[in-house]
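Notes follow the structure.
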Amino acid sequence: MSIITISRQSGCEANEVARILCQKLNYHLLNKELMMDLAEELQQEPSQAEEPPTVPKAAAWLERVLNPFYNPNDPHYVAQKEISFASGQPLTIRQVRELIQAAYTRGNIVIVGRGSQVILAGKPDVLHVRLIGSPEKRIQMWQKRESLSYDEAKKRMEKRDRAHVDFVKNYFDADITRQEWYDLIISIDHFTKDAIAELILQALPRMTFSS
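Numbered by the working numbering, the letters in the sequence shown go through residues 1137 to 1347 in order.
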């Protein structure tokens, strides 16, 4: 029932590494795109607005999108017919936090970004990973991924790096570049995606936690 969180510098192919892990572990992937599915349903973007707690709804929504055998009429699940946080309202940072907490309770999930290393800091059975790389290597990744010129790729990388840092700083008052948040920090410069996944797989069963 472990959780893996992956923080990354832009261009480190964290989602690809996460998908390899999910395939090998039979885990589910929870990333920005999946979280934005709910915001898209509401036709809104995340905000800082506060509202009453909705953890049961978060858990039910996760079950709906992660479990292909989900039956909304089964009383085992919290939601019955419709899963919605608040119709017409934006997905809030509180809801992002609750989705990640619900993912932790469910277990067997790889979470990419969204402050998950901060939200789940100190929790048992969570392996926190950060992927880093030299600017040149990451620029090459952007060039290959988006068919960009060198200058375009550099600007894209720098913009995404700032966005990652600013998101967690603004919403969780934390610096994601600090080493204390992570159990593993892996450079992509000399490891393939499969090798990085293998390093994480080797570390996962070796985690220990003080009582």
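Heads up, the beta-carbon is just placed ideally off N, CA and C, and yes, glycines get one too.
In terms of Cβ geometry, Leu1256 and Ile1236 form a close pair [threshold 8 Å]. Fewer than three beta-carbon pairs drawn from the stretch 1333-1340 and the stretch 1283-1292 are found closer than 8 Å, and the two stretches are therefore not classed as touching. Judged by beta-carbon spacing, Ile1247 lies beyond the 8 Å limit of Leu1337, meaning their Cβ atoms are not closer than that value.
DSSP, reduced to helix, strand and coil, places Leu1256 outside both helices and strands of the structure shown, so it counts as coil. When C-beta atoms of the stretch 1138-1147 are compared with those of the stretch 1297-1315, three or more pairs fall below 8 Å, so the two segments count as touching.
If you look at Ile1139, you'll find it in the beta strand (DSSP E) that goes 1139-1144. Excluding five sequence positions before and after Trp1278, the CB atoms of its chain that fall closer than 7 Å to its own CB belong to Gly1147, Leu1284, Ala1289, Arg1292, Met1293, given in chain order. As computed with DSSP, Ile1336 is found in no beta bridge at all. With a 10 Å radius around the Cβ and a threshold of 16 neighbouring Cβ atoms, Ser1252 comes out buried.
Under DSSP, the beta-bridge partners assigned to Ile1321 are Arg1266. Less than 8 Å separates the beta-carbon of Val1265 from that of Asp1319. Taking C-alpha positions only, Met1171 is separated from Glu1272 by approximately 30 Å. A residue is called buried when at least 16 other Cβ atoms come within 10 angstroms of its Cβ; Thr1228 meets this threshold and is buried.
For Leu1235, the enclosing alpha helix (DSSP H) has its first and last residue at 1229-1242.
At the C-beta level, Ile1139 and Gly1243 come within 8 Å of one another.
In the three-state scheme derived from DSSP, where H, G and I count as helix and E and B as strand, Leu1157 is classed as helix. Per DSSP, the unbroken alpha helix (DSSP H) holding His1300 starts and ends at 1286-1308.
Counting other Cβ atoms within 10 Å of its Cβ, Phe1308 reaches 16 or more and is therefore classed as buried.
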